[in-house]
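For the sequence shown, the residue numbers in this note's numbering are 182 to 522. Just below is one structure, and these are the notes that go with it.
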Amino acid sequence: MGLGLSTEGCDTLKTWLSHEFIRQDPGTSAQCADFILDVLDSLPSIDHIQYDTDTIQRVESHLAGIVDDPTVLVGKLPSKLKEIKHIEEKQQELKPSKSVIICNTPIRYLDEKAIKGTFKPFGSIQSCKINLQHRQVVIEYQNESCAIRCTKAATVFFGNRFVTVNLFHDSLENFDGSTLFEILNPNKPIEDSIRLGKSNDSAPEENNINKDVRKVQNMPQALFENNQNPSEALETNLDDLLDSREELLKVHQTTLRKLLRKTEELNETEEGNNLESITSELLELERSMQKLGIKHDTMLELKLRKMNRDHPGELTIEDGAAKKKRARKLNVLRRKLKRRR
182 MGLGLSTEGC DTLKTWLSHE FIRQDPGTSA QCADFILDVL DSLPSIDHIQ YDTDTIQRVE
242 SHLAGIVDDP TVLVGKLPSK LKEIKHIEEK QQELKPSKSV IICNTPIRYL DEKAIKGTFK
302 PFGSIQSCKI NLQHRQVVIE YQNESCAIRC TKAATVFFGN RFVTVNLFHD SLENFDGSTL
362 FEILNPNKPI EDSIRLGKSN DSAPEENNIN KDVRKVQNMP QALFENNQNP SEALETNLDD
422 LLDSREELLK VHQTTLRKLL RKTEELNETE EGNNLESITS ELLELERSMQ KLGIKHDTML
482 ELKLRKMNRD HPGELTIEDG AAKKKRARKL NVLRRKLKRR R
């Protein structure tokens with residue numbers, strides 16, 4: 182609406198008009214209040230009612246005969262609108278939001294790499310829009326806790342103390358800016374080349390198994406670098422890293438199932454010849470899993486850290502060393518209390 186009020190704000194204004202200025206039965210009073218809102222909504226700007234004489238006279242002429250005193254209504258209306266908008270803003274600030282708005286962003290940091298590197302450690306980013314003219318960025322996280330954690334972070338973003346980060350309560354579509362990036366499907370794997378193709382029935386099964394093993398062994402070097410530097414990768418590329426390793430794990434699981442099926446199909450005559458080759462393939466596969474960091478304990482740790490990052494407060498990972506330290510302090514305190522007694 183031209184009044185700039187929400188549906189609840191319009192209802193509040195209509196109630197105020199009905200009680201203060203309209204002396205009619207309830208049914209007629211509601212219709213009169215709707216008419217007054219239509220008149221106000223037709224104005225180029227509601228601010229004109231404060232200083233534009235022609236606008237004031239036109240509104241008063243429209244309201245003549247509907248309200249008891251149009252002049253008093255026009256005089257009180259600006260302050261009432263300001264009061265309703267102030268209440269709406271306060272209520273809006275209390276509502277949770279998954280989005281944050283970054284203001285006063287330096288121009289050189291308005292790119293995907295810089296924004297992801299700075300704000301992705303707070304949680305999974307779903308989409309990002311930027312406004313180059315006003316140097317503003319709006320980021321939508323996966324959930325509200327990530328956005329809150331970002332606004333509460335005790336850090337200077339981009340090394341500039343004038344950069345501010347606040348919750349963004351409006352819809353992302355209403356933000357006047359262009360889409361920098363958007364995660365349409367967070368579960369989409371990074372490397373399409375590690376997908377398993379359909380099996381060729383005409384080719385021997387041994388060739389398919391060796392092909393899968395070669396795919397795993399020839400993974401991009403970036404995955405090995407992520408494995409060698411887990412702390413840095415988890416801070417900046419945890420989602421991508423986890424998706425890649427889950428896809429690698431699927432490849433290994435498929436290969437393991439093929440090896441199992443091949444072992445079950447062995448008969449007594451073939452067992453001596455082929456069992457050794459199957460064993461060597463299995464050992465090679467296990468070494469590959471260890472090297473790529475996709476064994477059970479490593480994957481479990483990754484998923485726990487991601488869950489703790491995206492849903493803080495819902496998962497508590499107890500530090501064993503800290504727990505033992507608290508226990509020792511408690512024992513020392515108890516002994517001191519016994520001596521005093």
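Even for Gly, the Cβ is constructed at its ideal location relative to N, Cα and C. Treat the numbers as computed from the prediction; the structure is a model and nothing was measured.
By the C-beta criterion, the region 284-291 is judged not to be in contact with the region 251-261, since fewer than 3 inter-stretch pairs fall below 8 Å.
Scanning the region 270-329 for uninterrupted alpha helix (DSSP H) segments of 4 residues or longer gives 293-300, listed from N- to C-terminal end. For L485, DSSP assigns no beta-bridge partner whatsoever. H433 sits buried, since 16 or more C-beta atoms from the chains shown fall within 10 Å of its C-beta. Shown here for L361: same chain residues with a beta carbon closer than 6 Å to its own, the five before and five after excluded, namely E293, C309 and I311 in chain order.
Residue pairing by DSSP puts S359 in a beta bridge opposite I311. Residue nearest to S280 within the set L514, I329 and A211 is I329 (criterion: CA-CA distance).
Residue burial is scored here from C-beta neighbours: S223 has fewer than 16 other C-beta atoms within 10 angstroms and is therefore classed as exposed. Here the C-alpha atom of T345 lies approximately 11 Å from the C-alpha atom of C331.
Between G304 and Q323, the CB-CB gap stays under 7 Å. Just measuring C-alpha positions, the residue of T336, I237, E325 and Q314 sitting nearest D357 is Q314. Per the C-alpha coordinates, the member of C284, L441, K506 and K472 positioned closest to L348 is C284. CA-CA distance, P277 to E354, rounds to 18 Å.
A Cβ-Cβ separation of about 45 Å leaves L514 out of contact with I475 under the 8 Å criterion.
With 16 or more neighbouring CB atoms inside 10 Å of its own CB, E462 falls in the buried class. For L198, the enclosing alpha helix (DSSP H) starts and ends at T188 to E201. Taking every protein chain shown into account, the CB of F343 has fewer than 16 other CB atoms within 10 angstroms, so this residue is exposed.
Contact between I265 and L186 is confirmed by a C-beta separation of about 6 Å, below the 8 Å threshold. For L244, the enclosing alpha helix (DSSP H) starts and ends at T234 to L244.
In the three-state reduction of the DSSP assignment, T345 falls in the strand class.
Counting the other CB atoms within 10 Å of its CB gives S425 a total of 16 or more, which places it among the buried residues. Rounded to whole angstroms, T444 and R486 show a C-alpha spacing of 37 Å.
Counting only the Cα atoms, I282 lies some 32 Å from L218.
Put simply, of E446, L441 and T193 the residue whose alpha carbon is nearest the alpha carbon of K261 is T193. Here the alpha carbons of L244 and F216 stand approximately 9 Å from one another.
For the 7 Å CB-CB criterion, N341 and P302 do not form a contact. If you draw a straight line from the Cα of L481 to the Cα of E427, it is about 11 Å long. Contact annotation: V248 and I296 have beta-carbon atoms that are not nearer than 7 Å.
Closest by C-alpha distance to D250, out of T209, E201 and D235, is E201. Under DSSP, the beta-bridge partners assigned to V248 are A245.
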